[in-house]
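Residue numbers (this note's numbering): 7 to 318. Here a beta-carbon is modelled for each residue, glycine too, at the ideal position from N, C-alpha and C. Here's the structure we're looking at; comments come further down.
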Amino acid sequence: MASNAYDLLLAGALLWLAWQATHAADLFRAVISFIVFGLLMALAWVRLDAPDIALAEAAIGAGVTGALLLSALGRLASAPPEKPGARHRWPSSIAVLTLAGTILVALGAAAWQLPAPGLGEAVSEHMPRAGVDNPVTGVLLNFRAFDTLLEIGVLLLAVVAIWSFGPTPEPLVPAVPSPALPALGRMLWPMFVLATAYLLWRGTHAPGGAFQAGAVLGAGGILVILAGARPWLTGEDNGAWRWLLSLGVITMLLAAVGMALIGQRFFEYPEAAAAGVILLLEVTAALSIAMLLFAAYLNGQPPARWQEYTHP
């Protein structure tokens, strides 16, 4: 009974936060509502026994995306406050609620008709040759590795689009509000690296893996930048940037083509080599995802000299 009450409270909080994030008159309030929504959504995934998705939601949905939104908000010109009631258009709100309710009912009806077992039995049957013990990692980097390749490719295209708008806006790092922030960044950065390595190792047999590890490492890089550090890569190192950003996609393509050259199908690894191939893909994908998320936070192509973009 208490569990059902908790689930209802969590569902109600998610709906309320979603409404606040999309309808709040104050943009800062909307961004904070979105970040809290991501954290509670991670709890919802835990309740649904999906810890891998919960980790990704907390790290990417709430952490990295929240930092991106706050960074964008800080660069927007301040607008005068709206008059009370200016945003309240009841006919349009009722229409939106009606449409959302209809879609929700349709999705619920479709989900109710799905076969209960899903693909769990098929995955369990083929896990002995997956190369890992964690079924999620086995699906993402073995059975459906092509989908993972496309997901990393989408991140790469997003960074290419961001860089196409021009150089990183000035200043990249605002004045540090407190001398404690740089010390905090230096203290936490090794913990981010350690957590990244732990998630990579854990992903072979338990919740974790490349996406979660890459998101944590990327978030650590963003924290260091917020603490006043300057990125070590500059516009003069665009070659190194591009190699690091595309490392995950290139490695996965090489693995797929390599399997085809030895007579296998794309991403069909020999059982004896599956564990080593997946480990290589996980490490390179995690590094690439971390750099992609970090590059997205820069809001543009890196300059030739960071000193021109940061406060002394």
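Task: Candidates 15, 34, 35, 32, of which the one nearest residue 49 by Cα - done: Taking the first residue of the sequence shown as position 1, residue 49 is located at position 43. Checking every option, the nearest Cα to that of residue 49 belongs to 15.
- [ ] Go ahead and pull the three-state DSSP assignment for residue 307.
- [x] Position 301 of the sequence shown, counted from the first residue, corresponds to residue 307. Note: residue 307 maps to strand in three-state DSSP.
TODO: Would you give the residue range spanned by the alpha helix (DSSP H) that residue 157 belongs to?
DONE: Position 151 of the sequence shown, counted from the first residue, corresponds to residue 157. Taken as a continuous stretch (DSSP letters only), the alpha helix (DSSP H) holding residue 157 covers 151-170.
Task: Between the CA atoms of residue 115 and residue 279 - distance to the nearest angstrom - done: Counting from one through the sequence shown, the residue named residue 279 turns up at place 273. Counting from one through the sequence shown, the residue named residue 115 turns up at place 109. Residue 279 and residue 115: Cα-Cα distance of roughly 43 angstroms.
TODO: Answer yes or no: do residue 234 and residue 188 have a C-beta to C-beta separation smaller than 7 angstroms?
DONE: In the sequence shown, residue 234 corresponds to position 228, counting from 1. In the sequence shown, residue 188 corresponds to position 182, counting from 1. Yes. Within cutoff.
- [ ] Leaving out five residues on either side along the sequence, give the residues of the same chain with a beta carbon under 7 angstroms from the beta carbon of residue 253.
- [x] For this step, residue 253 is matched to residue 247 along the sequence shown. These residues qualify, in order along the chain: 290, 293, 294.
Open item on the list: So for residue 141, helix, strand or coil by DSSP?
Closed with: As a position in the sequence shown, residue 141 is number 135, starting the count at 1. Correct three-state label for residue 141: helix.
- [ ] Give the DSSP-derived three-state secondary structure of residue 213 in the structure shown.
- [x] Position 207 of the sequence shown holds residue 213. Three-state DSSP puts residue 213 in coil, outside helix and strand.
TODO: May I ask which residues mark the beginning and end of the alpha helix (DSSP H) holding residue 43?
DONE: Position 37 of the sequence shown, counted from the start, is the residue given in the question as residue 43. Residue 43 -> alpha helix (DSSP H) spans 33-53.
Task: DSSP state of residue 185 mapped onto helix, strand, coil - done: Your numbering for residue 185 matches position 179 in the sequence shown. Here residue 185 sits in coil by DSSP.
Open item on the list: Using a Cβ-Cβ cutoff of less than 7 angstroms, which residues in the same chain neighbour residue 140 once the five nearest sequence positions on both sides are dropped?
Closed with: The count along the sequence shown starts at 1 and reaches residue 140 at position 134. Taken in chain order, the residues that qualify are 209, 210, 211, 212.
Task: For residue 57, three-class secondary structure by DSSP - done: Translated into positions along the sequence shown, residue 57 becomes position 51. The answer is helix: DSSP assigns residue 57 an H, G or I state.
Open item on the list: Using 7 angstroms as the threshold, is the C-beta distance between residue 288 and residue 216 below it?
Closed with: The residue you call residue 288 lines up with position 282 of the sequence shown. The residue you call residue 216 lines up with position 210 of the sequence shown. In this structure, residue 216 lies closer than 7 angstroms to residue 288 by Cβ.
Open item on the list: Can you list, in chain order, the residues of its chain with a C-beta nearer than 6 angstroms to that of residue 68? Leave out the 5 residues immediately preceding and following it.
Closed with: Residue mapping note: residue 68 aligns to position 62 of the sequence shown, counting from 1. Here the set comprises 41, 44, 45.
- [ ] Using a threshold of 7 angstroms, state whether the C-beta atoms of residue 137 and residue 284 are closer than that.
- [x] In the sequence shown, the residue the question calls residue 137 occupies position 131. In the sequence shown, the residue the question calls residue 284 occupies position 278. Yes, they are a contact pair.
- [ ] Specify the secondary structure class of residue 196 as computed by DSSP and reduced to three states.
- [x] What you label residue 196 is simply residue 190 of the sequence shown in a count that begins at 1. The answer is helix: DSSP assigns residue 196 an H, G or I state.
Task: Exposure of residue 58, with buried meaning 16 or more beta-carbon neighbours within 10 Å - done: The residue you call residue 58 lines up with position 52 of the sequence shown. That one is buried.
TODO: Determine the direct distance from the alpha carbon of residue 51 to that of residue 304, and round the result to whole angstroms.
DONE: By one-based count along the sequence shown, residue 304 stands at place 298. By one-based count along the sequence shown, residue 51 stands at place 45. Going by the C-alpha atoms only, they are around 30 angstroms apart.
TODO: Taking the CB atoms as reference points, tell me whether residue 76 and residue 37 lie closer together than 7 angstroms.
DONE: Taking the sequence shown and counting its residues from 1, one reaches residue 76 at position 70. Taking the sequence shown and counting its residues from 1, one reaches residue 37 at position 31. Cβ distance < 7 angstroms, so residue 76 and residue 37 count as in contact.
Task: For residue 134, three-class secondary structure by DSSP - done: Locating residue 134 in the sequence shown gives position 128, counting from the first residue. Three-state result, residue 134: helix.
Open item on the list: Do residue 165 and residue 302 count as a contact pair if the criterion is CB distance below 7 angstroms?
Closed with: Looking up residue 302 in the sequence shown gives position 296. Looking up residue 165 in the sequence shown gives position 159. Yes, they are a contact pair.
Open item on the list: Rounded to whole angstroms, what is the Cα-Cα separation between residue 214 and residue 257?
Closed with: Taking the first residue of the sequence shown as 1, we reach residue 214 at position 208. Taking the first residue of the sequence shown as 1, we reach residue 257 at position 251. Straight-line Cα distance between these residues: approximately 20 angstroms.
TODO: Identify every residue that forms a DSSP beta bridge with residue 173.
DONE: By 1-based counting over the sequence shown, the position of residue 173 is 167. The partner list for residue 173 (beta bridge, DSSP) reads 307.
Open item on the list: For the alpha helix (DSSP H) containing residue 79, name the first residue and the last one.
Closed with: What you label residue 79 is simply residue 73 of the sequence shown in a count that begins at 1. Residue 79 -> alpha helix (DSSP H) spans 71-81.
Task: residue 142 classed as buried or exposed, judged by whether at least 16 other C-beta atoms fall within 10 angstroms - done: The residue labelled residue 142 in the question sits at position 136 within the sequence shown. The residue is buried, with at least 16 neighbouring Cβ atoms inside 10 Å.
Task: Local conformation of residue 127 per DSSP, three classes - done: Numbered from 1 along the sequence shown, position 121 holds the residue referred to as residue 127. Helix at residue 127.
- [ ] Kindly indicate which three-state DSSP category residue 206 falls into: helix, strand or coil?
- [x] Residue numbering aside, residue 206 sits at position 200 when the sequence shown is read from its first letter. Three-state DSSP puts residue 206 in a helix.
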